[in-house]
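Going by UniProt numbering, the residue at position 337 of the sequence shown is 337; the numbering climbs one at a time, nothing skipped.
Where a beta carbon is used, it is the ideal one built from N, C-alpha and C, also for glycine.
This report concerns only the one structure given below.
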Amino acid sequence: MELPSMSFSFQTFLTIHAVILVFQLSLSFSFQSAAAAVLSNEIDKLSLLGFKSQITEDPSGVVDSWNESVHFCQWAGVKCSVRHDRVISLKLKGQRLAGTISAHLGNLSFLNSLDLAENSFHGQIPQELTRLFRIQNLNLSFNLLGGGIPVNLSRCVNLNSLILDHNYLVGQIPHEVGSLTKLVKLYLRNNNLTGTIPASIGNLTSLVELHLSYNNLEGQVPDSVTSLIHLKQLGFSVNSLSGEFPSSLFNLSSLELISLSYNNFSGNLRPGLGNFFPNLQRFYLAQNSFTGSIPSSLANASKLLQLDFPENNFTGSIPVSFGNLEHLFWLNVWSNHLGYGEFDDLKFLDSLANCSNLEFLHIGVNQFGGILPHSIVNLSTHMTKLIITGNRIHGSIPNEISNLVNLDVLSLGYNKINGSIPDSIGRLTNLRTLGLDYSFFSGVIPSSIGNLTKLLYLYMGSNRLEGNIPPTLGNCKQLLYFLLHKNKLSGAIPQQLMSLSSLTIVNVSYNSLTGSLPVDIGNWSHLIALDFSFNNFSGIIPPTIRNCLSLGDFHMQGNSLHGTIPDIGALMDLQFLDLSLNNLSGPIPHFMENLTSLQYLNLSFNDLEGQVPVTGPFSNVSVVVISGNPKLCGGIQDLHLHPCVVQEPKKTQRKHVFSLKFILAIVFVSFFCGPCPICYIPLAEKKFRKQPDDRSTSEHFYPEISYKELRDATGEFSYENLVGSGSFGTVYKGTLGSDGMAVAVKVLNMQHQGAYKSFLAECRALRNIRHRNLVKVITACCGSDYKGNEFKALVFEFMKNGSLEEWLHPKPETQRSSLMILQRINIVVDVASALDYLHHHC
């Protein structure tokens with residue numbers, strides 16, 4: 001009876017013992033797991049502190065808050081798993097942190113997202129990050145990271161987003177990147193990567209976005225790209241890739257973005273190209289070498305938003321079918337060979353009126369001809385930029401151009417567009433750029449232009465505009481560029497313009513502007529370039545010009561300015577200064593020696609006197625031009641000026657009278673005889689006391705020529721035909737008659753005191769001159785110009801062999817040898833012979 005009882009007791013004991021043993025084992029395992037968890041958490045914490053230790057700048061104090069006062073899972077930018085308190089995400093994007101990325105981050109073994117984008121981390125990407133086998137998103141973009149892409153990143157097989165763009169990474173794209181088969185986004189653009197695109201990239205069959213732009217990649221696009229059937233965005237721009245348009249793309253019907261701009265692609269585009277990409281929205285092919293026509297089939301890609309094809313070699317025209325692209329807002333075909341120069345080249349503009357979302361249209365620098373169609377005013381009212389500059393378009397601007405109320409850029413220049421500028425242009429109150437330059441616009445500048453108060457850039461140069469500069473332009477307070485050169489504008493500079501302190505470039509050269517220069521020109525304190533050349537300005541150069549401290553280009557040549565050169569010693573950025581062809585007097589100021597930035601200084605043909613400085617820009621003969629100032633002396637030897645004479649008692653001075661006269665005579669006559677491009681003989685300074693002052697016998701001595709004939713002969717008295725200038729007039733080269741006779745035309749400046757007397761004196765003298773070493777007069781002109789101003793000119797035979805100075809001091813590019821001593825003596829004898837004739841036999 002006891003055996004069973006004893007047996008039960010033993011079994012019970014065994015059972016109880018087994019339970020106790022299991023409990024002990026479980027308790028031991030729990031303690032070990034807890035200890036392991038505590039240890040792992042401590043590793044994560046230490047890894048974060050290690051990362052913090054290598055941050056050198058933290059202006060927002062983000063990681064400064066990482067301390068013992070709170071659990072590390074609550075630190076800024078840190079996210080932990082709920083179950084194990086392990087770090088699964090570290091996001092510190094855009095916190096302006098600087099330093100290096102710590103290798104300790106490789107110990108965050110549960111990390112699945114690391115985002116340190118938009119900071120200033122430098123150094124290399126730590127190799128230890130390749131241990132993060134759970135990581136799915138790695139974003140280190142917009143930093144200063146260098147070195148190569150870690151090859152072992154291929155171990156991070158769970159990556160679906162690898163964003164390393166906008167750094168300074170170098171080397172090749174590792175072929176191991178093809179192992180990251182779960183990648184959806186791969187951004188390596190804006191680095192310094194080299195080599196070719198690895199073929200292994202075709203293994204990334206899940207890829208949706210691929211951006212490799214702005215690197216130094218070369219070679220062709222690999223055929224393996226055809227496997228990326230889910231790809232929507234492909235960015236290969238700004239590299240050195242080559243070949244024809246990649247045929248591997250034609251299988252990728254999901255593509256929404258194709259960007260191949262700024263590479264070396266070439267060849268024609270397939271006529272049916274648009275049929276392969278029904279989902280295409282943005283298509284960029286800028287600056288390649290594509291040829292042939294733009295495929296009209298692109299109109300079948302009905303979702304197209306942007307077509308950007310500038311700087312290629314496309315021919316033909318813009319397909320009319322593009323008018324069916326109802327979502328199109330950007331069309332840029334600048335700088336191709338589109339158009340035939342024919343009347344119907346612009347018919348596509350009629351169809352583009354159907355593109356109700358069109359904002360940007362650039363067809364400039366092509367070969368489009370025909371009349372500017374009136375349908376241009378029916379383009380989308382969303383249009384902000386309309387650029388057709390640099391074609392062969394003629395016609396006029398429709399008054400209804402004001403329909404395009406949102407335009408901020410209107411550029412029609414470098415065409416053959418004529419007529420007047422419509423007053424309605426003043427209704428385009430959003431305009432920031434108005435480009436009407438190098439065309440045939442005539443009439444006056446409408447005063448309504450003053451309504452364009454947002455205007456930054458005004459280009460109206462090289463037209464036929466006349467009248468005054470509208471004072472209303474003073475309302476354009478933001479104006480930066482003011483270019484009205486090469487027109488027929490007259491009158492004075494409006495005082496209202498002096499309030500435009502924003503101006504940086506002003507060019508009103510080659511007009512007929514008059515009056516004095518504004519005394520408060522110094523208000524234009526931000527000027528970097530000022531060109532008032534070849535007008536009829538008089539008076540002095542305002543001293544306030546010294547306030548324009550940023551001035552780099554300063555051109556005042558070809559006016560009637562007088563007085564001394566003002567103190568511009570503070571203009572230390574001045575590089576180009578031209579004050580030639582004026583009536584400036586006095587010495588060359590010594591402060592000009594300190595203008596060490598000068599690359600070109602022209603003070604020629606004035607009335608300057610005294611010693612020429614020898615330091616600063618005056619030490620370089622290739623920088624300085626001072627000819628036509630006979631009272632200057634000294635300077636460096638290469639300027640070939642006569643030495644400055646020290647003042648002596650009168651008896652001593654008389655000994656030098658003859659030699660000085662002889663030197664001046666040689667300079668004077670050598671300009672007009674022998675191998676000189678003879679322009680005129682300025683005998684106005686000679687006194688012919690015995691000649692009667694009788695206009696009837698002097699003005700009509702030679703057969704006269706009309707103002708129009710001289711104007712046509714000299715290309716409207718253009719700067720290109722300018723030979724030189726003196727106190728009483730300016731000399732131009734011209735071509736007369738059907739036989740193309742070359743002449744030199746001296747146009748008298750009738751505003752200059754004594755000009756009429758000079759004209760009479762020259763007529764009287766020249767009717768008797770007959771000498772082989774003196775230029776021959778052909779005819780004269782007495783009348784008025786087109787504005788009714790008195791006009792007088794003398795026409796001489798043109799000497800085509802160049803100036804004596806060019807023969808005495810030949811420049812290397814002329815490949816002309818210097819004169820031998822015997823030739824020089826002969827020239828001196830010829831000069832003396834002409835002088836003797838003028839003084840004793842004429």
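Return helix, strand or coil for M498, following the three-state DSSP convention. helix
Endpoints, the alpha helix (DSSP H) within which E57 is located: E57 -> not in any alpha helix (DSSP H); beta strand (DSSP E) instead, spanning 55-57.
Cα-Cα separation between A35 and R131, rounded to whole angstroms: Because the pLDDT of A35 is 45, which lies under 50, any placement of that residue in the model is unreliable, and the question is left without a value.
S533 classed as buried or exposed, judged by whether at least 16 other C-beta atoms fall within 10 angstroms: buried
Proximity below 7 Å, CB of T564 to CB of G586: yes
In three-state terms, what does DSSP make of R464? strand
Ignore the nearest five residues each way along the sequence and tell me which others in L145's own chain have a CB closer than 8 Å to its CB. I101, F121, H122, G123, Q124, I125, L164, N167, Y168, L169
With distances taken between CB atoms, is the gap from A299 to F322 smaller than 7 Å? yes
Identify, in the order they occur along the chain, each residue of the same chain with its Cβ nearer than 7 Å to the Cβ of S597, setting aside the five sequence neighbours on each side. M572, D573, L574, Q575
Quick one: is I229 buried, meaning 16 or more other Cβ sit within 10 Å of its Cβ, or exposed? exposed
Indicate whether L97 and N119 have their beta-carbon atoms separated by less than 7 Å. yes
Please classify H640 as buried or exposed, where buried requires at least 16 neighbouring CB atoms within 10 angstroms. exposed
Beta strand (DSSP E) segments (min. 3 residues) lying fully within the region 67-152: 78-80, 87-91, 98-100, 113-115, 120-124, 137-139, 144-146
When we look at the beta-carbon of D836 and count the other beta-carbons within 10 Å, is it buried (16 or more) or exposed? exposed
Run through DSSP, which three-state label would G235 get? strand
Taking its Cβ as the centre, do 16 or more other Cβ atoms sit within 10 Å of L46, making it buried, or is it exposed? exposed
DSSP beta-bridge partners for V777? F796
Alpha carbon of N192 to alpha carbon of V333, nearest angstrom: 29 Å
Could you compute how far the alpha carbon of S289 sits from the alpha carbon of S447? 45 Å
Inter-residue CB distance, N475 and G491 (contact presumed, cutoff 8 Å): The pair is not a contact, with the Cβ atoms about 18 Å apart (cut-off 8 Å).
Segments assigned beta strand (DSSP E), at least 3 residues, entirely inside the region 522-591: 529-531, 536-539, 553-555, 560-563, 576-578, 583-586
Integer-rounded CB distance, given that L358 should sit under 8 Å from L379: 6 Å
Of all the options E466, Q599, W524, which has the alpha carbon lying nearest to the alpha carbon of R511? Note that residue 511 is Asn in the sequence shown here, rather than Arg. Residue E466 is the option with its Cα nearest to N511.
Limits of the unbroken beta strand (DSSP E) element including R282: 282-284
Buried/exposed call for N559, threshold 16 Cβ in 10 Å: buried
Between D520 and chain D, is the shortest Cβ-Cβ distance under 7 Å, so that the two count as touching? Note that chain D does not occur in the displayed structure, where there is just one protein chain.
Helix or strand or just coil, what does DSSP make of A744? strand
I'd like the list of long-range same chain contacts for N535, defined as Cβ closer than 8 Å, with 5 residues on each side in sequence excluded. V508, S509, Y510, N511, S512, L513, T514, G558, N559
Please report the distance separating the alpha-carbon of G461 from that of Q172. 50 Å
Contact under 7 Å by Cβ, I397 with P422: yes
Rounded Cβ spacing between L473 and I449 (contact assumed at less than 8 Å): 6 Å
Just to confirm my understanding: we take G61, look at its own chain, exclude 5 residues before and 5 after, and list those with CB closer than 7 Å. What are they? none
Residues bridged to N264 [DSSP beta-bridge criterion]: S242
Just checking my contact of K746 with A793 at CB under 8 Å: how many whole Å lie between their CB atoms? 6 Å
In whole angstroms, give me the CA-to-CA distance for I626 and G552. 20 Å
My guess is that L410 and L431 are in contact by the Cβ rule of under 8 Å, so how many angstroms apart are they, rounded? 6 Å
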